[in-house]
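In what follows, a structure is listed as C-alpha coordinates, so that the remarks can point back to it.
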Amino acid sequence: MKNGFTLIEIMIVVAIIAILAAIATPSYLQYLRKGHRTAVQSEMMNIAQTLESEKVVHNRYPSNATIQSIYGSNVSPIQGQALYKLAFATLNDSTWVLTATPISTSSQAGDGIICLNDQGQKFWAKGATVCALSASSSWTE
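The following block contains the structure:
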(Lines of atoms letter the chains of each structure in order from A and count residues from 1; the text may use other names and numbers.)
(Lines give C-alpha, C1' and ligand atoms only; values in the text may rest on other atoms or scores of the structure.)
Protein backbone atom coordinates (compact mmCIF):
# COMPACT_ATOMS: atom_id res chain seq x y z
CA MET A 1 0.00 0.00 0.00
CA LYS A 2 1.37 3.43 -1.02
CA ASN A 3 1.17 6.48 1.20
CA GLY A 4 0.60 9.96 -0.22
CA PHE A 5 -1.72 11.72 -2.63
CA THR A 6 -2.20 11.09 -6.30
CA LEU A 7 -1.88 13.87 -8.85
CA ILE A 8 -5.63 13.73 -9.47
CA GLU A 9 -6.42 14.26 -5.77
CA ILE A 10 -4.08 17.25 -5.60
CA MET A 11 -5.60 18.76 -8.76
CA ILE A 12 -9.10 18.38 -7.32
CA VAL A 13 -8.04 20.25 -4.16
CA VAL A 14 -6.40 23.00 -6.26
CA ALA A 15 -9.57 23.32 -8.36
CA ILE A 16 -11.74 23.64 -5.24
CA ILE A 17 -9.44 26.34 -3.81
CA ALA A 18 -9.52 28.21 -7.14
CA ILE A 19 -13.32 28.14 -7.20
CA LEU A 20 -13.53 29.42 -3.61
CA ALA A 21 -11.04 32.19 -4.38
CA ALA A 22 -12.99 33.20 -7.49
CA ILE A 23 -16.14 33.53 -5.40
CA ALA A 24 -14.53 35.25 -2.39
CA THR A 25 -12.39 37.86 -4.17
CA PRO A 26 -15.24 39.94 -5.70
CA SER A 27 -17.12 39.87 -2.39
CA TYR A 28 -14.04 41.06 -0.55
CA LEU A 29 -13.42 43.87 -3.06
CA GLN A 30 -17.04 44.97 -2.73
CA TYR A 31 -16.65 44.96 1.05
CA LEU A 32 -13.54 47.18 0.78
CA ARG A 33 -15.28 49.56 -1.62
CA LYS A 34 -18.23 49.94 0.75
CA GLY A 35 -15.85 50.52 3.68
CA HIS A 36 -14.04 53.30 1.82
CA ARG A 37 -17.37 54.88 0.87
CA THR A 38 -18.52 54.78 4.50
CA ALA A 39 -15.25 56.38 5.64
CA VAL A 40 -15.62 59.34 3.27
CA GLN A 41 -19.27 59.73 4.31
CA SER A 42 -18.12 59.95 7.92
CA GLU A 43 -15.54 62.56 6.98
CA MET A 44 -18.22 64.53 5.15
CA MET A 45 -20.38 64.49 8.29
CA ASN A 46 -17.42 65.84 10.30
CA ILE A 47 -16.96 68.62 7.74
CA ALA A 48 -20.68 69.40 7.97
CA GLN A 49 -20.37 69.64 11.75
CA THR A 50 -17.50 72.11 11.33
CA LEU A 51 -19.62 74.19 8.95
CA GLU A 52 -22.57 74.20 11.33
CA SER A 53 -20.31 75.34 14.17
CA GLU A 54 -19.13 78.17 11.94
CA LYS A 55 -22.72 79.18 11.27
CA VAL A 56 -23.56 79.20 14.98
CA VAL A 57 -20.62 81.52 15.71
CA HIS A 58 -20.95 83.88 12.70
CA ASN A 59 -24.62 83.41 11.79
CA ARG A 60 -23.62 82.35 8.25
CA TYR A 61 -21.55 79.76 6.47
CA PRO A 62 -18.04 80.75 5.38
CA SER A 63 -18.48 82.29 1.92
CA ASN A 64 -14.84 82.28 0.89
CA ALA A 65 -13.87 78.94 2.42
CA THR A 66 -12.33 76.14 0.43
CA ILE A 67 -12.32 72.46 1.22
CA GLN A 68 -8.61 72.77 2.10
CA SER A 69 -9.31 75.48 4.68
CA ILE A 70 -12.09 73.44 6.28
CA TYR A 71 -10.76 69.88 6.00
CA GLY A 72 -7.05 70.34 5.36
CA SER A 73 -7.05 68.57 2.01
CA ASN A 74 -9.09 68.26 -1.16
CA VAL A 75 -8.79 64.45 -1.22
CA SER A 76 -9.94 61.70 1.10
CA PRO A 77 -8.38 60.06 2.96
CA ILE A 78 -5.77 62.68 3.85
CA GLN A 79 -3.12 60.00 4.39
CA GLY A 80 -2.60 57.00 2.15
CA GLN A 81 -3.94 56.52 -1.35
CA ALA A 82 -6.40 59.24 -2.37
CA LEU A 83 -9.75 57.66 -3.21
CA TYR A 84 -12.10 60.66 -3.45
CA LYS A 85 -11.75 64.27 -4.56
CA LEU A 86 -13.67 66.54 -2.21
CA ALA A 87 -15.36 69.77 -3.25
CA PHE A 88 -17.22 72.39 -1.24
CA ALA A 89 -19.49 75.10 -2.62
CA THR A 90 -21.47 77.77 -0.83
CA LEU A 91 -24.49 78.77 -2.84
CA ASN A 92 -25.12 81.77 -0.55
CA ASP A 93 -24.60 82.63 3.14
CA SER A 94 -27.09 80.00 4.25
CA THR A 95 -26.59 77.02 1.92
CA TRP A 96 -23.73 74.73 0.91
CA VAL A 97 -23.08 71.48 -0.93
CA LEU A 98 -20.26 69.06 -0.24
CA THR A 99 -19.34 66.44 -2.85
CA ALA A 100 -16.95 63.50 -2.94
CA THR A 101 -16.11 62.22 -6.41
CA PRO A 102 -14.23 58.93 -6.83
CA ILE A 103 -10.79 59.42 -8.35
CA SER A 104 -10.69 57.61 -11.69
CA THR A 105 -7.37 55.87 -10.95
CA SER A 106 -8.42 54.63 -7.50
CA SER A 107 -10.17 51.47 -6.38
CA GLN A 108 -13.34 53.55 -5.93
CA ALA A 109 -13.53 54.49 -9.63
CA GLY A 110 -17.09 54.16 -10.92
CA ASP A 111 -18.58 53.87 -7.42
CA GLY A 112 -20.66 57.04 -7.77
CA ILE A 113 -20.59 60.59 -6.49
CA ILE A 114 -21.47 61.24 -2.84
CA CYS A 115 -23.19 64.49 -1.84
CA LEU A 116 -24.32 66.22 1.34
CA ASN A 117 -25.93 69.63 1.79
CA ASP A 118 -26.75 72.06 4.59
CA GLN A 119 -30.24 70.58 5.02
CA GLY A 120 -28.77 67.15 5.75
CA GLN A 121 -29.89 65.74 2.42
CA LYS A 122 -27.61 62.93 1.27
CA PHE A 123 -27.13 61.35 -2.14
CA TRP A 124 -25.23 58.36 -3.44
CA ALA A 125 -26.03 56.04 -6.33
CA LYS A 126 -23.68 53.46 -7.80
CA GLY A 127 -22.16 54.86 -10.98
CA ALA A 128 -23.82 58.29 -10.60
CA THR A 129 -21.83 61.29 -11.83
CA VAL A 130 -24.28 64.05 -10.85
CA CYS A 131 -25.82 64.89 -7.48
CA ALA A 132 -29.57 64.49 -7.21
CA LEU A 133 -30.17 65.76 -3.68
CA SER A 134 -33.74 65.59 -2.43
CA ALA A 135 -35.67 64.89 0.74
CA SER A 136 -35.93 61.22 -0.27
CA SER A 137 -32.33 60.66 -1.46
CA SER A 138 -29.93 58.78 0.82
CA TRP A 139 -26.52 57.12 1.14
CA THR A 140 -27.94 53.60 1.27
CA GLU A 141 -27.79 51.09 -1.54
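Mapping of the sequence shown onto the numbering used here: residues 1445 to 1585, in sequence order. For every residue, glycine included, the Cβ atom is placed at its ideal position computed from N, Cα and C. Predicted model, so just to flag it, every value in this text is computed and none were measured.
In the DSSP assignment, residue 1529 is bridged to 1519 and 1545.
Shown here for residue 1499: same chain residues with a beta carbon closer than 6 Å to its own, the five before and five after excluded, namely 1505 in chain order. By the Cβ test, the segment 1482-1495 is in contact with the segment 1551-1568, since at least three Cβ pairs between them sit closer than 8 Å. Only residues of its own chain outside the window of five on either side were considered, and among them 1533 and 1561 have a CB closer than 6 Å to the CB of residue 1541, listed in chain order. Per DSSP, reduced to three states, the secondary structure at residue 1452 is helical.
Selection 1531, 1525 and 1468 evaluated against residue 1492 yields 1531 as nearest (Cα-Cα).
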